[in-house]
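The numbering of the sequence shown is the numbering used here, which starts it at 2 and goes up by one. For every residue, glycine included, the Cβ atom is placed at its ideal position computed from N, Cα and C. It should be emphasised that the depicted structure is a prediction, and the values quoted were computed from it without experimental measurement.
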Amino acid sequence: MATAGDAAGSVHATRRAASGDVAGLVEVLGRAFDDDPVAGFLFRGDRRRHRGLRRFFRIQLTSLYAGDGEVWTTGDLAGAAIWAPPSKALPGLRDLWHLAPLLPDLAGLGRSVPDAARLLAEVERRRPRAPHWYLATLGTDPDRQGKGVGSALLVDVLSRCDAEGVPAYLESSKERNLAFYARHRFEVTGELQVPHGGPRLWFMWREPRPPGD
Ligand SMILES: CC(C)(COP(=O)(O)OP(=O)(O)OC[C@H]1O[C@@H](n2cnc3c(N)ncnc32)[C@H](O)[C@@H]1OP(=O)(O)O)[C@@H](O)C(=O)NCCC(=O)NCCS
2 MATAGDAAGS VHATRRAASG DVAGLVEVLG RAFDDDPVAG FLFRGDRRRH RGLRRFFRIQ
62 LTSLYAGDGE VWTTGDLAGA AIWAPPSKAL PGLRDLWHLA PLLPDLAGLG RSVPDAARLL
122 AEVERRRPRA PHWYLATLGT DPDRQGKGVG SALLVDVLSR CDAEGVPAYL ESSKERNLAF
182 YARHRFEVTG ELQVPHGGPR LWFMWREPRP PGD
């Protein structure tokens, strides 16, 4: 557990999320990602996006990262960080199967399903094969953003990365987040412009802080 100060000087204590937090965190992450470019691309229209995002985060929290993942939140569920440890295998067929309930939320089977499949495949193709902690999701409730919650949610796992000499990796779909992640020592290693009017993605890698740095 870690604490980090915000602009007003208060602290955000973090803890591992429990199964009783799932419903609350699904809503928090659904709100946090409501204007996300990937969500807007895959789930066309407000109703589809609202439903699709919540279904997606429920799948992440209860299936994809429930067993070998780590979910960090704050005592008041102001946000969540969902991590996959280096020991978790890269996504495979089983993960795709978990995502199947999202099919009705993808707009127009002719267009969005192939778009989603291509996007997923390309993102996974670029995922480094070297062992790393993978930040699958980081989100702060919109009315709590800019107050240090997101930074606090990164501290526990990034400290462990530094202590154990393990890199970390993430994809970002917002340019605004690059400076935020750079402050946490992530560096952009690649970019992808998704075709068919899709979003731009940035791939970011973080080497562990050398001892004594
Ligand atoms: C990115 C995000 C997790 C940061 O969490 P946070 O609690 O706002 O983070 P902190 O308060 O620790 O740091 C704030 C920094 O985050 C960045 N930031 C990105 N989006 C922001 C937003 N909507 N509001 C405030 N800061 C934001 C800024 O660089 C800001 O630094 P600044 O104050 O110098 O501008 C959060 O803004 C969020 O949930 N955004 C929407 C979902 C998202 O994009 N998640 C990341 C997916 S890769």
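In this model, Asp106 and Arg49 are separated by some 5 angstroms (Cα to Cα). Going by C-alpha positions, Arg59 is about 28 angstroms away from Ala131. Counting of Cβ neighbours within 10 angstroms places Trp98 among the exposed residues, the total staying below 16. With distances taken between CA atoms, Thr63 lies nearest to Gly21 out of Pro92, Gly21, Glu165, Val39.
By the C-beta density criterion, Pro212 is exposed, having fewer than 16 other C-beta atoms within 10 angstroms.
For Phe204, the enclosing beta strand (DSSP E) begins and ends at 201–207. Distances taken from the Cβ of Thr190 to the heavy atoms of ligand 1 include none shorter than 7 angstroms. Bounds of the alpha helix (DSSP H) holding Val156 are 150–165.
The Cβ atoms of Leu202 and Ser160 do not sit closer than 8 angstroms to each other. Within the same chain, Cβ atoms closer than 6 angstroms to the Cβ of Gly199 are found at Phe42, the five residues on either side in sequence being excluded. DSSP, reduced to helix, strand and coil, places Leu26 within a helical segment of the structure shown. Taking a cut-off of 8 angstroms for Cβ pairs, the stretch 26–38 and the stretch 163–181 touch, as three or more such pairs fall below it.
A contact between stretches requires three or more CB pairs, one per stretch, nearer than 8 angstroms, and the stretch 141–160 fails this requirement with the stretch 188–195.
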